[in-house]
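Note sheet for the following structure.
In mature numbering (1 follows the signal peptide of the UniProt record, and there is no 0), the protein residues as written are -23 to -1, 1 to 219.
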């Protein structure tokens, strides 16, 4: 991280981006009272640190489940037992999300984005970047459900995962209707939200029952509890002003 600068333009930019993220949160329907307000520490270059327990809560609840465990010494977040999906306390519209993930053999998880809380189940509406051990999980046999894919809608261009037990770097970049999934510095998915191609793929997928799937312009970031042990570290997000 660059040394802190008190340059007035840098301070103004940081304040504007913080306001964008907070305003997006306040527009979300169905969010529990008090769950949206949280202090956001933004670095001078625009990144918000999400590797802290106060940044997260359970989906459609106010608190972080105890089986999502933050280790202060290692800086690792672990899904250590039955816990439920978790989401950020602040919503984002246009952003770059960066993180690393690690699974055990056969493990499965996912990263949600632009999630609202009207549905009782997060995956009914929120896009998911698949987190998976491709080598040992059945979903790894299909590129539509393999690591890095927009789960069940856009296939991963190739298997860019590292061997199980190693850390994988992931990024999601969303600007307006343009979304990219990066896995270990490889662009594995790129699509346009709401395009004719997008709508056709959703209509042909398991999400056809929810025609508004993935169409929210702003929403929460989320981590999936799929029943397996998964670890995350380096969680941070950089919002872009519209």
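The C-beta atom is built at its ideal place from N, Cα and C for all residues, glycine as well.
Quantities reported herein were computed from a predicted structural model and do not represent experimental measurements.
Point to revise | Supposed close pair residue 196, residue 75 - CB separation, criterion 8 Å | key: Indexing the chain shown from 1 puts residue 196 at position 219. Indexing the chain shown from 1 puts residue 75 at position 98. About 18 Å; that fails the 8 Å criterion.
**Study point:** residue 204 CB to nearest heavy atom of the ligand SAH below 7 Å
**Key:** Looking at this structure, you won't find the ligand SAH or any other ligand, since it has none at all.
Practice item. Determine the direct distance from the alpha carbon of residue 154 to that of residue 219, and round the result to whole angstroms. Key: Position 242 of the chain shown holds residue 219. Position 177 of the chain shown holds residue 154. Roughly 12 Å separates the two Cα atoms.
**Study point:** Classification of residue 40 by the beta-carbon crowding that lies within 10 angstroms, buried from 16 upward
**Key:** As a position in the chain shown, residue 40 is number 63, starting the count at 1. Looking at its Cβ environment, which holds fewer than 16 other Cβ atoms inside 10 Å, residue 40 is exposed.
Review point. On the three-state DSSP scale, how would you describe residue 102?
Key: Here residue 102 refers to the residue found at position 125 when the chain shown is read from its first residue. Coil, per DSSP.
Practice item. Rank 35, 123 and 157 by C-alpha distance to the C-alpha of residue 220 and give the top, closest one. Key: Absent from the model: residue 220. The displayed extent of the chain is -23 to 219, so no value can be given.
**Study point:** N- and C-terminal bounds of the alpha helix (DSSP H) containing residue 174
**Key:** Stepping through the chain shown from its first residue, residue 174 is reached at position 197. 173 to 180 is the extent of the alpha helix (DSSP H) around residue 174.
**Study point:** Length-filtered (3 minimum) beta strand (DSSP E) runs lying within the segment 28 to 113
**Key:** 33 to 35, 45 to 48, 53 to 56, 63 to 65, 71 to 80, 85 to 92 and 105 to 109
Point to revise | Straight-line Cα distance separating residue 85 from residue 115 | key: The count along the chain shown starts at 1 and reaches residue 115 at position 138. The count along the chain shown starts at 1 and reaches residue 85 at position 108. About 10 Å.
Check your understanding: Who does residue 155 pair with in a DSSP beta bridge?
Key -> Residue 155 sits at position 178 when you count from the first residue of the chain shown. Residue 155 pairs with 152 and 169.
Practice item. Specify, as a first and last residue, the run of the beta strand (DSSP E) that residue 217 falls within. Key: Within the chain shown, the letter at position 240 stands for residue 217. Per DSSP, residue 217 belongs to the beta strand (DSSP E) from 207 to 217.
Check your understanding: So is residue 172 buried or exposed if we call it buried at 16+ other beta carbons inside 10 Å?
Key -> In the chain shown, residue 172 corresponds to position 195, counting from 1. Under this definition residue 172 is an exposed residue.
Check your understanding: In whole angstroms, what separates the C-alpha of residue 145 from that of residue 165?
Key -> As a first step, residue 145 is located in the chain shown; it is residue number 168 there, counting from the start. As a first step, residue 165 is located in the chain shown; it is residue number 188 there, counting from the start. C-alpha separation (whole angstroms): 13 Å.
Check your understanding: Are there 16 or more other CB atoms within 10 angstroms of the CB of residue 98, so buried, or fewer, so exposed?
Key -> By 1-based counting over the chain shown, the position of residue 98 is 121. It is exposed - the Cβ of residue 98 has fewer than 16 other Cβ atoms within 10 Å.
Exercise for review: Give the DSSP-derived three-state secondary structure of residue 161 in the structure shown.
Suggested key: Indexing the chain shown from 1 puts residue 161 at position 184. Note: residue 161 maps to coil in three-state DSSP.
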